[in-house]
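A.B. asks: Here you go, one structure.
Written as structure tokens, this is what we have:
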């Protein structure tokens with residue numbers, strides 16, 4: 001099968017990514033050179049974290065989403081840190097923003113749909129070096145945070161605006177990042 005500038009092997013399929021590039025990928029649920037290894041399904045904290053993503057304070061991950069997060073956004077991940085203040089996730093527009101952070105060890109989500117900042121906070125110290133599961137769900141002006149399936153908090157942004165407009169549907173993990181026109185990133189408040 002022809003895929004961009006290459007040919008896919010028997011078990012791989014050609015997929016186009018968000019940047020318009022093509023690559024040969026294994027079907028969902030499979031991995032390996034020939035896509036013969038089945039990825040085991042697991043749920044919640046029962047899944048071992050064999051190779052977690054690691055941040056060093058001046059590093060970050062950038063995802064370009066295929067689906068809009070203007071009215072709905074859902075995110076679930078696990079962290080382990082001894083750091084008390086850092087940006088975990090950040091997405092920005094001209095005025096609107098969506099930021100999940102650690103502040104004095106506590107989990108804080110700040111978001112603005114254009115008519116004022118909403119906040120959701122869970123006052124539990126996450127800087128204890130243990131693994132914690134974070135779930136964030138935003139629907140319009142309302143957001144809900146859950147921590148370790150034990151703590152939840154809900155917040156609402158003021159005003160009437162319920163659409164969160166961010167630039168190019170990019171989300172940064174591990175820091176607050178502005179990319180200059182020359183391509184160089186300005187990395188602030190990095191996670192370790």
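In the UniProt record's numbering, the protein residues as written are 1 to 192. Backbone N, C-alpha and C fix where the C-beta goes; we use that ideal spot for every residue, glycine too. None of these values were measured; they are calculated from a predicted model.
1. Could you tell me which residues DSSP puts in a beta bridge with residue 31?
2. If you count every other CB in all the chains shown that lies within 10 Å of the CB of residue 72, and 16 or more means buried, which is it?
3. Assign residue 170 to one of three DSSP states: helix, strand, or coil.
4. Helix, strand or coil: which one does DSSP assign to residue 126?
5. For residue 172 and residue 159, what's the separation of their Cα atoms in angstroms?
6. Who does residue 78 pair with in a DSSP beta bridge?
7. Just list the residues that DSSP pairs residue 117 with in beta bridges.
8. DSSP puts residue 139 in a beta bridge; with which residues?
9. Could you tell me if residue 164 is buried or exposed, where buried requires 16 or more neighbouring beta carbons within 10 angstroms of its beta carbon?
10. Would you kindly check if the distance between the Cβ of residue 124 and the Cβ of residue 155 is under 8 Å?
11. Going by Cα to Cα distance, which pick from 94, 109, 86 and 12 is closest to residue 26?
12. Run through DSSP, which three-state label would residue 43 get?
13. Determine the contact status of residue 157 and residue 115, defining contact as a CB-CB distance below 8 Å.
C.D. replies: Once the coordinates are examined:
1. 37
2. exposed
3. strand
4. coil
5. 26 Å
6. 133
7. 112
8. 72 and 142
9. buried
10. no
11. 12
12. Reliability of the predicted coordinates at residue 43 is poor, the pLDDT of 49 falling under 50, and the value obtained from them is presented with this limitation in mind. Residue state, collapsed to three classes: coil.
13. yes
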